[in-house]
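In the numbering used here, each residue's number is its place in the sequence shown (first place is 1) plus 8. Note that the Cβ used here is the ideal one computed from N, Cα and C, for glycine as well. Comments concern the structure below.
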Amino acid sequence: MAVATIPGYPRIGKHRELKKALEAFWSGKIGEDDLLATAEGIYTTAWATQRSAGIDIVPVNDFSFYDQMLDTAALLGLIPERYRPNDDSGAMDTYFAMARGRTGVHDVPAMEMTKWFDTNYHFIVPELHPDSTFSLKGSKPFAMLAKAREAGVNAKTVLIGPVTFLALGKSQDEHFDKLSLLDRVLPVYVEILARLAAEGAEWIQFDEPILVTDLNGGVLDALRRAYDVIAVASGSAKIIVQTYFDHVGEAYDTLVNLPVAGVGLDFVRGSRNLDFIASKGFPADKVLVAGVIDGRNIWAADLDAKLATLQELAHHVDNDRIHVSTSCSLQHVPYDVEQESGLDSEVKGWLAFAEQKLHEVVTLTKGLNGGRDAIAAELAASGTLHDQAAASTRRRNPVVRDRLAALPEDFVNRGAPYA
């Protein structure tokens, strides 16, 4: 049977607890123990919310105090020398100095920040150079997995994959091949896998969204080399290579033939991924994480259309190898529509935030396993909602439509080719 999962969940806290705790920590009003306690409350609540909604495989280590690329740099020991205190290169002070800069005895500016693909989310850019070295620092993913297992969570540890991490880094030497560092960083990933295996990891998700960008042959070669090593080191853990934000294009053949347990594809912004599966097939020995619910917008899904996509996928991939999912992490949307007390009631019904999207994923999983009759009421409600929204004057203004209809045919033509 198909199962329900997601790539990640919001982490600011349902009532912005993390934002408030970080500001208090940075201003010296609370200590590190208080900050860590707030964080634990946020991510354990997130796990409980997902389990209560019916999510079968719950992401862990998707929580971050700042961003996951910075987390990865810290975990891999890629800390620029100017941020290293004499006592402990993995301390919280060092982490936030990299993110925000530091003033005092040793003033340093923050590291460069840039947009995470085409989202409004930003990340700290890793600094890479020919002499970069890597070593395992910290214990965040291992500690979070241990806590999840203690709580009875069927966990999927989330990590930034090595190819995306290196490809998104920056070097002062524009001619330096960042992927040439792959052989140095892979032993640390192997060590991470060994530690996760020791904690009983069953699923490990490596995010490789770099695969939806325009690629050169070096990226695909690095991908093959990286996951050949990771596959050997993973032991009994099941590895998923997760993509999002678009279709994987020329990377499809390489991606689906990696020696891993599963592949995650975006079927919202990457609708061509369905064409690739239909024309090229999908390996019979792999799980497909099918991202059919939009993880980036705030609108309720058309469940009938989404179920149709899943049923089309099921012509090519057996149900028991489909993990129904969102198209990307839900960190890009708010937590819960029911918290929005000031919204117009009509518009509110059109919305789906993180908690509502969990239920959409679970409903579609039930529909894929049991057929349309199993979710007949939900399909009917979704259809009615979308019909009402389409007919609403809030979306269709007859005055504007009449004005558009009255425009002359040549209205859209330019007076001159350069105008």
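### Simplified DSSP state of R516, which is helix, strand or coil
Given a span of 9 to 427 for the chain in the structure shown, any question on residue 516 remains unanswerable.
### Query
If you run the structure through DSSP and keep just helix, strand and coil, what is I200?
In the structure shown, I200 sits in a helix (DSSP, three-state: H, G or I).
### Task
Could you name the residues of the same chain whose beta carbon sits closer than 6 Å to that of S97, not counting the 5 residues immediately before and after it, in chain order?
Note that S97 has pLDDT 44, beneath the 50 cutoff, so the model's placement of it is unreliable and the number below is only indicative. Within the same chain, Cβ atoms closer than 6 Å to the Cβ of S97 are found at I87, the five residues on either side in sequence being excluded.
### Query
Can the beta-carbon of I132 be found closer than 9 Å to that of A81?
Contact: yes.
### Query
Is it true that the CB of S242 sits closer than 9 Å to the CB of L311?
Cβ distance not < 9 Å, so L311 and S242 don't count as in contact.
### Query
Taking Cβ positions, are Q213 and P18 nearer each other than 9 Å?
The answer is no: Cβ separation not under 9 Å.
### Task
Please report how far the alpha carbon of D64 lies from the alpha carbon of A12, in whole angstroms.
The alpha-carbon of D64 is positioned some 5 Å away from that of A12.
### Task
Run through the stretch 143-210 for me and flag every whole alpha helix (DSSP H) of 4 or more residues, listed as ranges in chain order.
With a minimum length of 4 residues, the continuous alpha helix (DSSP H) runs that stay inside the stretch 143-210 are 148-158, 170-175 and 190-206.
### Residue burial classification, P138 (beta-carbon count within 10 angstroms, cutoff 16)
It is exposed - the Cβ of P138 has fewer than 16 other Cβ atoms within 10 Å.
### Query
beta strand (DSSP E) containing G272: first to last residue?
If you look at G272, you'll find it in the beta strand (DSSP E) that goes G270 to D274.
### Pick from D395, E354, R403 and K148 that is closest to E207, judged by C-alpha positions
Selected option, being the one with the closest Cα: K148.
#### Entry: Option in V256, G278, G39 and E348 with minimal Cα separation from R304
For the residues V256, G278, G39 and E348, the minimum Cα distance to R304 belongs to G278.
### Query
What number of angstroms, rounded off, separates the C-alpha of A384 from the C-alpha of G375?
Distance between the alpha carbons of A384 and G375 is about 9 Å.
### Query
Which of the three DSSP states, helix, strand or coil, is assigned to K246?
Looking at K246 - three-state DSSP - the assignment turns out to be strand.
### Query
So who's on the other strand from W307, going by DSSP bridges?
According to the DSSP secondary-structure assignment, W307 is paired through a beta bridge with L359.
### Message
So, for P217: in the same chain, excluding its five sequence neighbours on each side, which residues have a beta-carbon less than 7 Å away from its beta-carbon?
### Response
Correct list, in chain order: F125, T172, T251, Y252 and F253.
### Message
Let me check one thing: in DSSP terms, what residues is A298 bridge-paired to?
### Response
Paired residues: L273 and V332.
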